[in-house]
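Notes follow the structure.
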Amino acid sequence: MQTTPEHAYPDHWEADVVLRDGATARIRPITTEDADRLVSFYEQVSDESKYYRFFAPYPRLSAKDVHRFTHHDYVDRVGLAVTVGGEFIATVRYDRIDSRGRPASAPADEAEVAFLVQDAHQGRGVASALLEHIAAVARERGVRRFAAEVLPANTKMIKVFRDAGYTQKRSFEDGSVHLTLDLEPTAESLAVQRAREQRAEARSVQRLLAPGSVVVVGTGRSIGGVGRAVLRNLIGSGYTGRTYAVNRSFPPDQRDVDGVPAFRSVAEIAAETDEGVDLAVVAVPAEHVPDVVADCGENGVRGLIVVSAGYAESGPEGRDRQRDLVRQARSYGMRIIGPNSFGIISTAEAVRLNASLAPHSPAPGRIGLFTQSGAIGMALLSGLHRRGAGLSTFISSGNRADVSGNDFLQYWYEDPETDVVLLYLESIGNPRKFTRLARRTAAVKPVVVVKGARHSGSEPPGHAVPVTRIPDAAVGALLRQAGVLRVDTVTELVDAGLLLAGQPLPAGPRIAILGNSESLGLLTYDACLTEGLRPLPPLDLTTDATPADFGAALTRALADDGCDAVVVTAIPWVGDDGDLRAGDAEVLAAALSEAAASAPAKPVTVVHVELGGLSSALAALQPRATGRPTGPGGTVGAPEAVHRPASDNERSTPPISGATAATADPGRQVPAAGALAPTTHESVIDGSGPPAPERRIPTYPAAERAVRALSQAVSYARWRRDAAEPGKVPAYDDIDESGAAAQIHDLLGDAEDAPAATLPAAEAHRLLARYGIEVRGALAAPGPDEAVAAAEELGYPVALKTTAPHLRHRPDLGGVRLDLANETQLRQAYGELTALLGKPVELQPVVQAMAPRGVDTVVRAVIDPAVGAVLSFGLAGAASELLGDTSHRLVPVTDRDAAELIRAIRTAPLLFGWRGSAPVDTAALEQLLLRVSRLVDDHPEVVGISLEPVVVAQHGLSVLGASVRLAPPAAFTDLGPRRLPSY
């Protein structure tokens, strides 16, 4: 594209967005080549809309107008357009002005803004999306305020400005409304933006899952082939909408395939039936897909499922083909599942859609299942069906070129038919957005994830994603922070899903065990201890126990206030005639189901050995509901289980205080995860919602599997309770944010491509001090005399240590000498150090005043390109590093997060008085973590901080070493205006 030579075309302003109705559109800068598009666009705008734009009749644009509206410098004059199918449907423009409203250049920081949307596209959220993007562009160019003149009758445009969430002023002047918007993002503007994003993306998924009509493009003329299989499955599912088959090779006289109307193109369907098509399943060779996409797009198809292979999974050429596919589909406003997809299923009675390669639809149920692998998806469908579980929806995303797990989290968040979300992920395209959406969804229903391709370098072919530098253990910790239940295998995924979909959430970790096998009870008891649960002594009913005995024992256990959940263990029992009774599984299933339904709502699981019929019998039963919320998802589980505070003895380390130390004020509030739940779910928590779903008791062939699933439910219930009590990001009176910003600017300069650099020690210490983080000083000691002089200045006792990169923080190599009380000891230590490790110029020794004795810890913060800012904590030393005993949280960290961060490591007892040692000042440590988090959150140029060691004493702490890295801030995909990812 040609532009004025002094300013290059800003291609990073281009973005695909999802509009309110779920369709896509493209936003891009207007260029000099857009003159004809602009004229055509303007001709399709009504006279009324033109009048609102220009405050006078303005039937057509003059040549001067066209030139003015297509020539921009992309700094003081900027125009953006929204396009569908390559044609304009809306435009926005800003012109920088001075305080008197006259044209101006920087440093003037105000601009006049004006919108124009074609009447046919008003009401689709076009102007709102444009406002987000033009505001981001303006901020990038130094514009801080927008001014707009709007006629009072133009209520739609006034509403766009009013509802945006920006700080604004309004006045009525000379017959028009004068609006001034402060473009600095606010909590309200961000909330508005994300609410619109959720509605739009959920709607785009709904269009795919509930189409009124489906066409299978690539239906074979003879039996066999992928297209014919999809058509057969679609018919077999009892799909309630219209179905069509398309193959360009059909003879002109062929009118149907398997009773389905047959056509040679989508255009032919539109011409002969005068009916549109909502969803197309594309099953043609990759080289023919572009023609199919064009045929679909030009005839109003809303979405595509591309089962065709030959894309990014096949290599660089296929990756280019995949990018072209997404670009082409989005240009028509269509979204894509795939390519290389297995298909989608919706069991909703009003739809009954099986547009997949699965030969049988699953039974209706409360589980939503998303998988990036067709093979894994097929295995999960089979496993869930075998164990009697039903699904609300199933999606196989294939290469996930467009529609991803994030989109389905947006949909499932408020889907009343889904109580539990199960995800098999091989990559996460936008981890920041995923954790945000997962946390919001987990506040109302469980989200369980198993992640394949966890190790570096093993990303699956076809998935182009940001590369994360943090270890997989850190990714797991961040998922747990978001309330996600991460499991290791697809078997555990099914195990956890069955329990969470069919049983209420446990109020705590106290587990009752009962059954007719003492040995199986002991195995279950041991498994509970391994998973951190608190098992009660197993109740052995003996092998003489009958189904009635099981039912009575279960009723008593559930009624016990000291029990939070029950594991029933069962083996074949001995009948009156002395024979083993494995065939009475149906009777036992009925007894257990009746007892569970009539007792207080607590989770029940069954472990069975050689009682295969028990699983199918329990799955087949339809137990009566208890009249109270029982499911943990859409019905949110037992309210007492969610809201009852955890007892102290549930924790392996000291309880977390919700308050910060006296130095912190209750500053920025972080919303409770539970507060984000839609009102439709909140009504069920207080008992005013719809009736509870029927409960199914899950069965497991091994005690370890049942207990593992139960421990996941306990963890999730605890997270829900904690999330209901919001943490805070404290405000500090002694933080010098503006001074830190000025120092960072002086150090980095204005270069946008400057490499990351480690600050000199003095600058690093000065920057940290602006946030109340004092680093104990150290003086260089290039020789023994200088070491003695430094010690006299600091005061004895002192420490002598090397700072050479290969020896730093490695006391195990002998590079540190502590508690040197006088000159003699210092000189002796200096001589030993240089004799052992090398010359002073190599060792770079320093002298430092001794800190009070305590526990050595490490605090780090890093900006990861995929997930953003991450704060980490662990104990110092080779053992902790070797074991990977480090905890992680996303920034900004709340007071609750800081407390959990300290307690999450396995070696945390060393901080709290292990084996009679004195507890250290963890409150001071929490404050340090909060201050580091604030520094990184306030200044994205700070890409790395390492405080090592941090010696935490009984009273206070000492930071003995610190390094800080700066770099120009990275652009994160979850910040700024809404946009679809492009890989």
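First residue of the sequence shown: 752, per this note's numbering; consecutive thereafter.
The beta-carbon is built from N, C-alpha and C at its ideal position, and this holds for glycine as well.
Note that the structure is predicted; figures quoted are calculated from it, not measured.
With DSSP as the reference, label residue i as helix, strand or coil.
i       : result
PHE1145 : strand
ILE1436 : Caution applies to ILE1436, whose pLDDT of 32 falls short of 50 and renders its modelled position unreliable; the model cannot decide the point.
THR1754 : Here the chain covers residues 752 to 1734 and nothing more, so residue 1754 does not appear.
VAL1683 : helix
LEU1530 : strand
ARG875  : coil
VAL1058 : coil
ASN1181 : coil
LYS815  : helix
ALA1415 : With a pLDDT of 36 at ALA1415, under the threshold of 50, the predicted position of this residue should be treated as unreliable, and no value is reported.
VAL1393 : Reliability of the predicted coordinates at VAL1393 is poor, the pLDDT of 35 falling under 50, and the value obtained from them is presented with this limitation in mind. VAL1393: helix per DSSP, three-state reduction.
ALA1650 : helix
SER1750 : A query on residue 1750 cannot be resolved here, the shown segment of the chain reaching from 752 to 1734 and no further.
GLU1632 : helix
ARG890  : helix
HIS1516 : helix
Thinking C-alpha only, which one of the options is nearest residue i?
i       : options                            : result
ASP692  : ALA1460, TYR1522, PRO1511, GLY1500 : The structure shown does not extend to residue 692, since the chain is modelled only from 752 to 1734, so the question has no answer here.
ALA1233 : ALA1299, GLY1283, SER1466          : SER1466
ARG1729 : GLY987, GLU935, ALA942, VAL817     : ALA942
SER813  : ASP824, HIS823, ASP827, GLU794     : GLU794
LEU871  : GLY916, GLY975, SER797             : Note that residue 871 is Ala in the sequence shown here, rather than Leu. Of GLY916, GLY975, SER797, the residue nearest in Cα terms is SER797.
SER1733 : ALA759, ALA766, ASP925, TYR760     : ALA766
VAL1028 : GLU1038, PRO1036, GLU1049          : GLU1049
Quick one: residues in its chain with C-beta nearer than 8 Å to the C-beta of residue i, no 5 flanking neighbours on either side, listed in chain order?
i       : result
ASP785  : THR821, ALA832, PHE839
VAL928  : GLU900, VAL901, LEU902, PRO903, ILE909, ARG921, SER922
ASP1416 : Residue confidence is low: ASP1416 scores 37 on pLDDT, short of 50, so the model does not pin down where it sits. No coordinate-derived value is stated.
When the Cα atoms are used, what is the spatial distance from residue i to residue j?
i       : j       : result
ALA904  : ARG851  : 26 Å
LEU881  : VAL843  : 7 Å
VAL1102 : GLY1125 : 22 Å
ILE1614 : GLY1582 : 41 Å
ARG1536 : ALA1602 : As written in the sequence, residue 1536 is Asp, which differs from the Arg given in the question. The alpha-carbon atoms of ASP1536 and ALA1602 are separated by roughly 23 Å.
TYR1547 : ALA1612 : 33 Å
ALA1099 : PRO1115 : 7 Å
ALA774  : ARG875  : 9 Å
SER1147 : PHE805  : 49 Å
GLY779  : VAL1318 : The sequence given here places Arg at residue 779; Gly does not occur at that position. For ARG779 and VAL1318, the distance between alpha carbons rounds to 59 Å.
ARG771  : PRO854  : 35 Å
LEU1558 : HIS1706 : 29 Å
ALA1152 : VAL1172 : 21 Å
PRO1036 : VAL1043 : 10 Å
ALA1258 : ASP1315 : 6 Å
Is there a Cβ from chain D that is less than 7 Å from the Cβ of residue i?
i       : result
GLU1361 : Note that chain D does not occur in the displayed structure, where there is just one protein chain.
What does a CB cutoff of less than 6 Å around residue i pick up in its chain, not counting 5 residues either side in sequence?
i       : result
ILE868  : Strictly speaking, residue 868 in this sequence is Val, with Ile absent from that position. Answer for VAL868: ALA841, VAL877, ALA878, listed in chain order.
TYR1175 : THR1122, ILE1127, VAL1201
THR1553 : GLY1566, LEU1594, PRO1596
VAL1338 : PRO1298
ASP827  : ARG847, SER856
GLY1664 : PRO1670
ALA1460 : ASP1246, ALA1247, LEU1250
Excluding sequence positions up to five away, which residues of its chain have a Cβ less than 7 Å from the Cβ of residue i?
i       : result
ALA1342 : PRO1298, ALA1299, PHE1301, GLY1302
VAL702  : Lying outside 752 to 1734, the shown extent of the chain, residue 702 is not represented and no answer is given.
LEU1280 : PRO1286
Can you tell me whether residue i sits near the ligand MN, meaning its C-beta is under 6 Å from at least one heavy atom of the ligand?
i       : result
VAL1360 : This structure lacks the ligand MN; in fact it carries no ligand of any kind.
Problem - Three-pair Cβ contact test at 8 Å for the region 1672 to 1689 versus the region 1634 to 1651 - result: Inter-segment contact for the region 1672 to 1689 and the region 1634 to 1651 is present: three or more beta-carbon pairs are separated by less than 8 Å.
Practice task
Could you tell me whether the region 917 to 925 touches the region 1124 to 1136, using the rule of 3 or more Cβ pairs below 8 Å?
Solution key: No, they do not touch.
Practice task
Indicate whether the contact test is met: 3 or more Cβ pairs, each with one atom in the region 1182 to 1201 and one in the region 1160 to 1174, closer than 8 Å.
Solution key: Taking a contact to require three or more Cβ pairs closer than 8 Å, the region 1182 to 1201 and the region 1160 to 1174 qualify as touching.
Handout entry: Contact between the region 1284 to 1291 and the region 1140 to 1156 (3+ Cβ pairs under 8 Å)
Key = They do not touch, by the three-pair rule.
Handout entry: Cβ contact check for the region 1064 to 1075 and the region 930 to 950: 3 or more pairs under 8 Å
Key = Per the Cβ contact rule, the region 1064 to 1075 is not in contact with the region 930 to 950 (fewer than 3 Cβ pairs under 8 Å).
Problem - Segment contact, 8 Å Cβ cut-off, at least three pairs: the region 1050 to 1059 with the region 1083 to 1092 - result: As far as the Cβ criterion goes, the region 1050 to 1059 touches the region 1083 to 1092, which means the pair count is three or higher.
Practice task
Would you check if there are 3 or more beta carbon pairs closer than 8 Å linking the region 1249 to 1267 to the region 1221 to 1232?
Solution key: Contact between the region 1249 to 1267 and the region 1221 to 1232 is absent, with fewer than three C-beta pairs closer than 8 Å.
Practice task
Please determine if the region 1344 to 1353 and the region 1444 to 1464 are in contact, where contact requires at least 3 C-beta pairs separated by less than 8 Å.
Solution key: Under the 8 Å Cβ criterion, the region 1344 to 1353 counts as touching the region 1444 to 1464, having at least three qualifying pairs.
Handout entry: the region 1524 to 1532 contacting the region 1708 to 1722, beta-carbon criterion three pairs below 8 Å
Key = Per the Cβ contact rule, the region 1524 to 1532 is in contact with the region 1708 to 1722 (3 or more Cβ pairs under 8 Å).
Handout entry: Cβ pair count under 8 Å reaching 3, the region 1237 to 1257 against the region 1651 to 1666
Key = No: the two stretches stay apart, fewer than three of their Cβ pairs being nearer than 8 Å.
Exercise for the section: Would you check if there are 3 or more beta carbon pairs closer than 8 Å linking the region 958 to 967 to the region 988 to 1006? Expected result: In short, these stretches touch, since the Cβ pair count reaches three.
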